[in-house]
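Residue numbering for the sequence shown follows our numbering, beginning at 478 and increasing consecutively.
Structure, as structure tokens:
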Amino acid sequence: MTTPRPQPGIMNIAPYKGGESKIAGTDTVIKLSSNEGAFGPSPATVKALEEAALTIHRYPDGHAPDLRAAIAERYGLEPQRIVLGAGSDEIINMLCQAYVGPGDEVLYSEHGFLMYGISAMAAGATPVKAPETDLKADVDNLLAAVTENTRLVFVANPNNPTGTFLTADELQRLRDGLRDDIMLIVDAAYAEYVTGTPTYTDGMDMARDADNVVMTRTFSKMYGLGGARLGWAYMPEAVAAVLNRVRGPFNVSVPAQAAGLAAFNDTAFTDMCRAHNDEWLKRTQDALRQLGLFVPEGVGNFVLVRFPDVAAAEAADDHLKSRGIIARRVAGYGLPDCLRITIGKADEMEAVIAALREFMGADT
Ligand SMILES: *Cc1c(COP(=O)(O)O)cnc(C)c1O
């Protein structure tokens, strides 16, 4: 008997698991497992969503002209070089679908975002990981891992789950060391959160001037729209012409476009989110370091914390859960001795710090 068979490679994919959201026996949880914005969607965003419900019978305008124009205007970009996706995950997927196949290699760093490998394998290509140094992408190791089959290189800046980033100089050195026919994708999912870090780049300037650089962004983090699925990318016009051929004509829904535009324009809300994150990222990093835990120098809306060993990380996770707090295990990223904790509201972070102080015996 023969049964339908998927394309080679697909059954080798380890399915992506999102952050947990429930603790058995607990009604109220503090969910810090998916890097979702601490404050949810802004009231203006919710209102736009409610209004969009009235036109939900209409197909969206697949070119999303209003949202692309707003993004283009704020950052000084050409609208025809912006492509939207149902989350930046979809854009990552489209890039792999359009640019790689069997025999091709997709390169990223050791603890890089899991979707790069998943999308590469879904397209039949081979994911290749370059070792990191001190939980940070290493330009020399990435360049050393390039072969004649390399087609795409993904760098999350900052990276999830480590929070570390390549400086503008390092990213430029990576680009300069890659063949021109290799595309560099800078995934700047957390760029909205980065402040006071002059060496940081979201890759936008590099993408503006190059024929082979793409920058991706998301509405899933600071804008609080993870559930709506909305992301965007800035790319050379030739790449946009490719993605607009593989992109579903209505890939970004009416509510996603409406909510995205309202969220993007609500700068008072995002300013508040950024200031809160700035304060609590530092406070959380400092507090956990004071407990003797290793926390890499990171930016974004999360901290990675390394425990003495795997058993300690598991025990810490259990202890947090006993206090109603859900962090993210990151064994799937090759970091079984670490937890990733999203920056939540002030009282939530106070609860995290108190629970980990207790776990580390700092209060006895
Ligand atoms: C959260 C995240 C994304 C965003 O994914 P969406 O599909 O836009 O929700 C992309 N890249 C990285 C590194 C992330 O952490």
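In this text, a Cβ means the ideal position worked out from N, Cα and C, and glycines have one as well.
Residue i: CB within 6 Å of a non-hydrogen atom of ligand 1
i: residue 679; result: no
i: residue 590; result: yes
i: residue 664; result: yes
i: residue 736; result: no
i: residue 811; result: no
i: residue 610; result: no
i: residue 454; result: In the structure as shown, the chain starts at 478 and stops at 841, and residue 454 therefore has no counterpart that could be examined.
i: residue 639; result: no
i: residue 510; result: no
i: residue 522; result: no
i: residue 498; result: no
i: residue 801; result: no
i: residue 633; result: yes
i: residue 695; result: yes
i: residue 646; result: no
i: residue 566; result: yes
i: residue 882; result: A question about residue 882 goes unanswered here, because the residues of the chain that appear run from 478 up to 841.
Same chain, Cβ closer than 7 Å to residue i, five either side skipped, listed in chain order
i: residue 469; result: Lying outside 478 to 841, the shown extent of the chain, residue 469 is not represented and no answer is given.
i: residue 505; result: 801
i: residue 764; result: 830
i: residue 526; result: 732, 735 and 736
i: residue 624; result: 582
i: residue 574; result: 600 and 723
i: residue 828; result: 507, 800 and 802
Other residues of its chain near residue i: CB distance less than 6 Å, five sequence neighbours each side excluded
i: residue 615; result: 609
i: residue 708; result: 562, 564, 565, 568 and 695
i: residue 761; result: 780 and 826
i: residue 757; result: 820 and 826
i: residue 605; result: 582, 584 and 622
i: residue 590; result: 633 and 637
Inter-residue CB distance, residue i and residue j (contact presumed, cutoff 8 Å)
i: residue 680; j: residue 517; result: Wrong, their Cβ atoms sit about 28 Å apart, outside the cutoff.
i: residue 832; j: residue 797; result: 5 Å
i: residue 721; j: residue 547; result: Not confirmed; about 19 Å, so no contact.
i: residue 692; j: residue 710; result: 6 Å
i: residue 811; j: residue 698; result: Rounded, the Cβ-Cβ distance is 23 Å, inconsistent with contact.
i: residue 588; j: residue 612; result: 7 Å
i: residue 618; j: residue 670; result: So it is not a contact: roughly 26 Å between Cβ atoms.
i: residue 776; j: residue 677; result: 7 Å
Collapsed DSSP secondary structure at residue i in the structure displayed
i: residue 799; result: helix
i: residue 596; result: helix
i: residue 819; result: strand
i: residue 747; result: helix
i: residue 586; result: strand
i: residue 830; result: helix
i: residue 782; result: strand
i: residue 650; result: helix
i: residue 685; result: helix
i: residue 805; result: strand
i: residue 760; result: helix
i: residue 566; result: helix
i: residue 720; result: helix
i: residue 813; result: strand
i: residue 558; result: helix
i: residue 846; result: The chain is shown from 478 up to 841; residue 846 falls before or after that span and cannot be answered.
Minimum Cβ-Cβ distance from residue i to chain D less than 7 Å
i: residue 507; result: No chain D appears in this structure, which consists of one protein chain only.
Sequence-distant residues of the same chain with beta carbon closer than 8 Å to residue i, five excluded per side
i: residue 814; result: 783, 784, 785, 786, 787, 789 and 790
i: residue 533; result: 731 and 732
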